Each structure stands twice: as structure tokens, then as C-alpha cells.
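Residues in the sequence shown are numbered consecutively from 230, following our numbering. Report on the following structure.
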Amino acid sequence: DQKNADKAQELGAIKPDMPEEGARIMATVQSIHGDDVFVDLGFRLPGVLQLKQFEGLEPPTIGQQIQVAVRKVDENEGLIAVNLTRGKQKVSGNWDAIEEGQLVDCTITKTNKGGLEVSIGNLRGFLPSGQVELGFNPNLESYVGQKLTVKIIEANRQKRNLVVSRKAVLQEERRAVEGQFWEKISENQQYVGTVKTLKEYGAFIDLGGVDGFCHIGQMSWQHIRHPSQILKEGQEVNVIVTSLDREKKRISLSMKALSQNPWAVAAEKYAPGSQVRGKVTRVTEFGALVELEPNIEGMIHISELEHRRVKNVTDVVQVDQEVDVKVLDFDGHKKRIALSIKALKAAPVKEKPEEEDNPIQAPIPKKRREDLRGGNG
Numbered sequence: 230d231q232k233n234a235d236k237a238q239e240l241g242a243i244k245p246d247m248p249e250e251g252a253r254i255m256a257t258v259q260s261i262h263g264d265d266v267f268v269d270l271g272f273r274l275p276g277v278l279q280l281k282q283f284e285g286l287e288p289p290t291i292g293q294q295i296q297v298a299v300r301k302v303d304e305n306e307g308l309i310a311v312n313l314t315r316g317k318q319k320v321s322g323n324w325d326a327i328e329e330g331q332l333v334d335c336t337i338t339k340t341n342k343g344g345l346e347v348s349i350g351n352l353r354g355f356l357p358s359g360q361v362e363l364g365f366n367p368n369l370e371s372y373v374g375q376k377l378t379v380k381i382i383e384a385n386r387q388k389r390n391l392v393v394s395r396k397a398v399l400q401e402e403r404r405a406v407e408g409q410f411w412e413k414i415s416e417n418q419q420y421v422g423t424v425k426t427l428k429e430y431g432a433f434i435d436l437g438g439v440d441g442f443c444h445i446g447q448m449s450w451q452h453i454r455h456p457s458q459i460l461k462e463g464q465e466v467n468v469i470v471t472s473l474d475r476e477k478k479r480i481s482l483s484m485k486a487l488s489q490n491p492w493a494v495a496a497e498k499y500a501p502g503s504q505v506r507g508k509v510t511r512v513t514e515f516g517a518l519v520e521l522e523p524n525i526e527g528m529i530h531i532s533e534l535e536h537r538r539v540k541n542v543t544d545v546v547q548v549d550q551e552v553d554v555k556v557l558d559f560d561g562h563k564k565r566i567a568l569s570i571k572a573l574k575a576a577p578v579k580e581k582p583e584e585e586d587n588p589i590q591a592p593i594p595k596k597r598r599e600d601l602r603g604g605n606g
């Protein structure tokens, strides 16, 4: 019955259905016969791959765990053909030795319209431009003469059509790296990453095959308008993982969390009434921003520039000018410091108006005309 069938399957008496082509599976080496390596995939049919795929690697041993990709399920032969995820097969000039899904080495011979011509043994193939990299690379000439590992995605003997993809190989390698990465990553881990892409709202950072995102608000304790003010593509940066979403494969990063919050110790240094010196970093219609130290800025309102009325901020201060200011107010919670220049200057004394020699005379009222009447008279 179903209950006994489920129990038997748990014990391994009944193995699950066949895997899908392209599936990645951890297999156990069962035996080695000549050029063939037989592995247990956990299905009712065993898997088989060529020994030559281990070229450049340690030779396989009985009981060893290896990761393979399913190439073909052959019910007639009673076997599942698999490849090492990074294994390659040597191809001569025989079309019978070529199958879709194989990983092979090829040599780039020249460019043509839409991609690259390749040589695989004695066979000629085509590598489309969209299958060269994970992204698009317009400079295909740089690949001529190179030897690349590619995956056969189309092999039509009748039409003599052989199409390969390097992108598919890179995607498989990336998935393998991602799988290992997500097993090890956790919150509060620190990484040295490489800035991959800058956006207005943040930066994507490569952590070693897996990208994380650092929001612009997590880059610096200082307010910045665009990530390019402190970062550039290709730059290495220290980051810490602040949150993970394993289901959506999202990693949130922070740069500023690795340094002390300067506002935590600023209250004593910039107490109201203290006099400090800083540099004007930006002017606006309503005032000027002054950097007191890295990541600490205060604001001089336009009304605090001079005792007189100021129409334009630039009439009093300029960007990069150093100024002495007085702290009027400090709000660590809102990260605001109110500053003043005029508070350090004495207010001008207003001159009293001179008294006139002649006393002010009250206006003489006009005499009313007596002949005014209402109505029609």
C-alpha cells in the first residue's frame, strides 16, 4: 500500500523518478571500469561519465562525493550520462562523438557577423556574441586566438551546424559558487568586495561570484548625493552583511557600519555655546553647510551670517572657505547642528536721529464749508 511504499522509499528500496537533463546532483563514485566512472545518483539507474573529465584534477576514488550535471537519461541503455560540473571532453573530427550538453575546449579562429568562429578538434563551430560572456562584450576581436571552455548547445550533423556557448559554462560555474557561498554566509560577516555597478540609489558589490547591494544611506555617516562621490567601479571596499533574504537571494551590505558613528561622541565636542572652526562644503538659498570634521556637518542659516539682511549666501561665504562659527544648537538624534557667524560679531550700534530745532506742529484742520447740504436742494 501507499504507506509501505513511502516507507520503502525512505529506506532506499524504491528510488525516485529520473532526473531532468541539466540537473546538478551530488553523486557517489561506485566503480571505475576502463575509461568509465560509474556513480550513484540516488535514482534507480546509475550514472556514468568519462574518466578523461578528471584531467587536471585528482583522480576519482571509490566512495568519493562529486558534483555532476545530468547530460542525458538513456532508458534503453539503463544509464544516466552525466558530466562533471567543470569536466571537459576532448573531441576529434567525428560528429558521432559530439552531443548537445557536452563541455569541450575550443579555439577562437576569427570574428564574423554576429559572433565568433571556433575550432573544436577538426570541426568548425559558431559562438554567438550573446553567448560569449554573462554580459555583452562589444570587443570580440580580443578573443581571437584564445582557448575557451564552451558547452555545445546545438549539434546538427545533417546541416553541419555546431553552436556553442561560453555563457552557459559561466552560468554553471556561478551557480556552483553561489551554492557554496549561500551555505557559508551569515549576517554580520565582513567581506572585501569589488564595486560592480553604481546606481543613483546605491552600489552592487561582487563578494566573490555573488552580488550584494549597499544602499547610498549605508555608505557613509556623511550625507552624499551620489555614490560616485566616494566610490568608483572596480574599487575594492570593506563591507559587512546587515541582512539576508535566502529565498530571493538578496544580500544587504553596509560600509559605514564598520566605522564608529561620529555623532555618538559629537555632543561633548559641539555643545551649544562653543566656538569651532570648519570648512564650507555647500551653499544653498537658505544657508551654508560647514564640515566640522569628516562625516560631521553643521548648518549656518542665512539669517545667522551677518547682523544685516543678506540677500545671497555667496555674498558672505564661499565653498571651501574656512570659517569660525558658534554652536547655537545640537541635536544628535536628528544629526543637526545649528551654527552662527554673526554670533561671534558685535552687533552694530544704531545711531539716534538728531532732534530738529523747530518743534513738530500739529496739522491745522481744514475749515468746513457751511453751504454743503444733502438732497436735491
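For glycine and all other residues, C-beta sits at the position ideal for the given N, C-alpha and C. The structure displayed is predicted, hence computed values, not measured ones.
Using a Cβ-Cβ cutoff of less than 7 angstroms, which residues in the same chain neighbour residue i once the five nearest sequence positions on both sides are dropped?
i	result
residue 244	Interpretation of residue 244 is limited by its pLDDT of 49, a score under 50 that renders its predicted location unreliable; the figure taken from the coordinates is listed afterwards. Hits under 7 angstroms: 271, 272, 273.
residue 445	430, 431, 453, 456
residue 294	255, 257
residue 179	This structure leaves residue 179 out entirely; the chain is present only between 230 and 606.
Can you name, in chain order, every residue of its own chain whose Cβ lies under 8 angstroms from the Cβ of residue i, other than the five neighbours on each side?
i	result
residue 415	470, 473
residue 428	456
Tell me the DSSP secondary structure of residue i in three-state form.
i	result
residue 380	strand
residue 387	coil
residue 400	helix
residue 442	strand
residue 420	strand
residue 246	coil
residue 447	helix
residue 531	helix
residue 515	coil
residue 504	strand
residue 410	helix
residue 240	Low per-residue confidence applies at residue 240: pLDDT is 40, beneath 50, and the placement is therefore not dependable enough to give any value.
residue 498	helix
residue 560	strand
residue 693	Look at the range of the chain in this structure, 230 to 606, and you will see that residue 693 is not part of it.
Would residue i be called buried (16 or more neighbouring beta carbons within 10 Å of its own) or exposed?
i	result
residue 555	buried
residue 288	exposed
residue 381	buried
residue 559	buried
residue 331	buried
residue 360	buried
residue 545	buried
residue 551	exposed
residue 465	exposed
residue 529	buried
residue 300	buried
residue 527	buried
residue 312	buried
residue 389	exposed
residue 306	exposed
residue 565	exposed
residue 266	buried
Kindly identify the DSSP beta-bridge partner or partners of residue i.
i	result
residue 278	266
residue 196	Residue 196 lies beyond the range of the chain shown here (230 to 606); nothing can be said about it.
residue 539	None, per the DSSP bridge assignment.
residue 255	296
residue 357	344
residue 437	The partner list for residue 437 (beta bridge, DSSP) is empty, contrary to what the question assumes.
residue 479	474
Can residue i and residue j be called in contact, C-beta distance under 9 angstroms?
i	j	result
residue 327	residue 377	no
residue 352	residue 344	no
residue 391	residue 349	yes
residue 297	residue 280	no
residue 443	residue 487	no
residue 510	residue 539	no
residue 411	residue 479	no
residue 542	residue 521	no
residue 535	residue 508	no
residue 397	residue 379	yes
residue 276	residue 252	no
residue 447	residue 477	no
Sorted by chain position, which residues of the same chain lie with C-beta nearer than 6 angstroms to residue i's C-beta, five sequence neighbours on each side aside?
i	result
residue 249	none
residue 420	436, 468
residue 451	524
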